[in-house]
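Start counting the sequence shown at 14; every next residue gets the next number (my numbering).
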Amino acid sequence: MGGGGGSGGFAIAAGVAIGQGALGGSVGVGGSGLGGGDADTVTIDTKGGIHTRGDRSAGVFAQSIGGGGGNGGWSGSLAIAAGQTAGAVGVSVGGGGGLGGDGKIVRVTNTGNITTEGHDAAGVLAQSVGGGGGTGGFSLALGVGAGQTAGSASVSVGGSGGAGNDAELVKVVSDGVISTKGDRAYGVQAQSIGGGGGSGGFSGALAVGAGQTSAAVAVGIGGSGAGGGKGGNVEVDVIDLILTLGDDATAVLAQSIGGGGG
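1. Less than 6 Å between C-beta atoms, sequence neighbours within five positions excluded: which residues of the same chain meet that for residue 251?
2. For residue 117, is the classification buried or exposed, using 16 other Cβ atoms within 10 angstroms of its Cβ as the cut-off for buried?
3. Quick check on residue 156: does DSSP put it in helix, strand or coil?
4. Given this structure, state the Cα-to-Cα distance separating residue 158 from residue 221, to the nearest angstrom.
5. Answer yes or no: do residue 14 and residue 52 have a C-beta to C-beta separation smaller than 8 Å?
6. So, with DSSP's three-state summary, where would you put residue 250?
7. Name, in chain order, the residues that DSSP records as bridge partners for residue 76.
8. Assign residue 64 to one of two classes, buried (16 or more other C-beta atoms within 10 Å of its C-beta) or exposed (fewer than that).
9. Tell me the DSSP bridge mates of residue 178?
10. Counting only the same chain and skipping the five closest in sequence on each side, list residues whose C-beta sits under 6 Å from that of residue 258.
11. Specify, as a first and last residue, the run of the beta strand (DSSP E) that residue 132 falls within.
12. For the pair the stretch 203 to 214 and the stretch 94 to 103, tell me if three or more CB-CB distances fall below 8 Å.
13. Among 240, 269, 41, which has the Cα closest to the Cα of residue 88?
14. Which residues mark the beginning and the end of the beta strand (DSSP E) in which residue 184 is found?
15. Which same chain residues end up closer than 6 Å to residue 235 when comparing Cβ atoms and leaving out the 5 residues on each side of it in sequence?
16. Using a Cβ-Cβ cutoff of less than 6 Å, which residues in the same chain neighbour residue 230 once the five nearest sequence positions on both sides are dropped?
17. Per the DSSP calculation, residue 56 is bridged to which residue(s)?
18. Would you call the CB atoms of residue 37 and residue 26 closer than 8 Å?
19. Could you tell me if residue 268 is buried or exposed, where buried requires 16 or more neighbouring beta carbons within 10 angstroms of its beta carbon?
20. By the DSSP assignment, the beta strand (DSSP E) with residue 30 in it spans what residues?
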């Protein structure tokens, strides 16, 4: 299992200018989140008998999971200018979310008998899961200009979400008897699931102009969401008997699922 990426730090900036022709400006940029670490290949070869009795106690549990990307840091900016022909500009940019890590290949070969008695206790559970992308940081910007012919402008841009990463091949070969008794206890559950993309950060901008012939302009742009990762190939080869006795307990559940976009 890959480790999660660290979140970016937040940023706060303020600028104040007072007097005729004064100019105030501030720029804040949130730190970007780091990418999640990749997982590695998982290989399991079972030859003896396996018997579990508790709920959620799979006979064989094999997972390769990429780490989630870190969230982008938020950012805030404030600029104030007071005086005749004064001007204020505030700019704020949220940090981008980090990329998720890769889920790697998972291989399980079973040549023994497996029995599980609990609910949600699969005989064999094998999964490759891509890491989800981090969320983009939010952003707020405020510009205030006060005085005759004063002007203010503020620009705010939310951080982009990080992309979810891909999962890889999941392969299960079962040459032994698998028996499950609980509800939702699949004989073989094999899944390759791409990581979800991170959401874009929201953005807010406010500009205020106070005074004769003053002007104010505000621009706010939300961050872009990111794409999800791909699900990989899933291969299941059953040579011997699979018996499931519980409700909603499919003998073989094989799925390749792409990650949702942010």
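Don't be surprised by glycine CBs; every beta carbon is placed ideally from N, CA and C.
In short:
1. Here the set comprises 187.
2. It counts as buried.
3. It is a strand residue.
4. Going from the Cα of residue 158 to the Cα of residue 221 covers about 6 Å.
5. Less than 8 Å separates the beta-carbon of residue 14 from that of residue 52.
6. Residue 250 carries a strand assignment under DSSP once its states are collapsed to helix, strand and coil.
7. According to DSSP, residue 76 bridges with 140.
8. Looking at its Cβ environment, which holds fewer than 16 other Cβ atoms inside 10 Å, residue 64 is exposed.
9. According to DSSP, residue 178 bridges with nothing at all.
10. So the qualifying residues of the chain are 194.
11. It is not in any beta strand (DSSP E) - residue 132 carries neither H nor E in the DSSP assignment.
12. Judged by pairs of C-beta atoms under 8 Å, the stretch 203 to 214 does not touch the stretch 94 to 103, as fewer than three such pairs exist.
13. Measuring from the Cα of residue 88, the nearest candidate turns out to be 41.
14. 183 to 187 is the extent of the beta strand (DSSP E) around residue 184.
15. Counting only Cβ-Cβ distances below 6 Å, and skipping sequence neighbours, we find 171, 213, 215, 216.
16. Excluding sequence neighbours, residue 230 sits near 166, 220.
17. For residue 56, which the question treats as bridged, DSSP gives the partners 120.
18. No, the pair does not count as a contact, with Cβ atoms beyond the cut-off.
19. Note on residue 268: under 16 other CB atoms within 10 angstroms of its CB, so exposed under the neighbour-count rule.
20. From DSSP, the beta strand (DSSP E) with residue 30 extends over 24 to 31.
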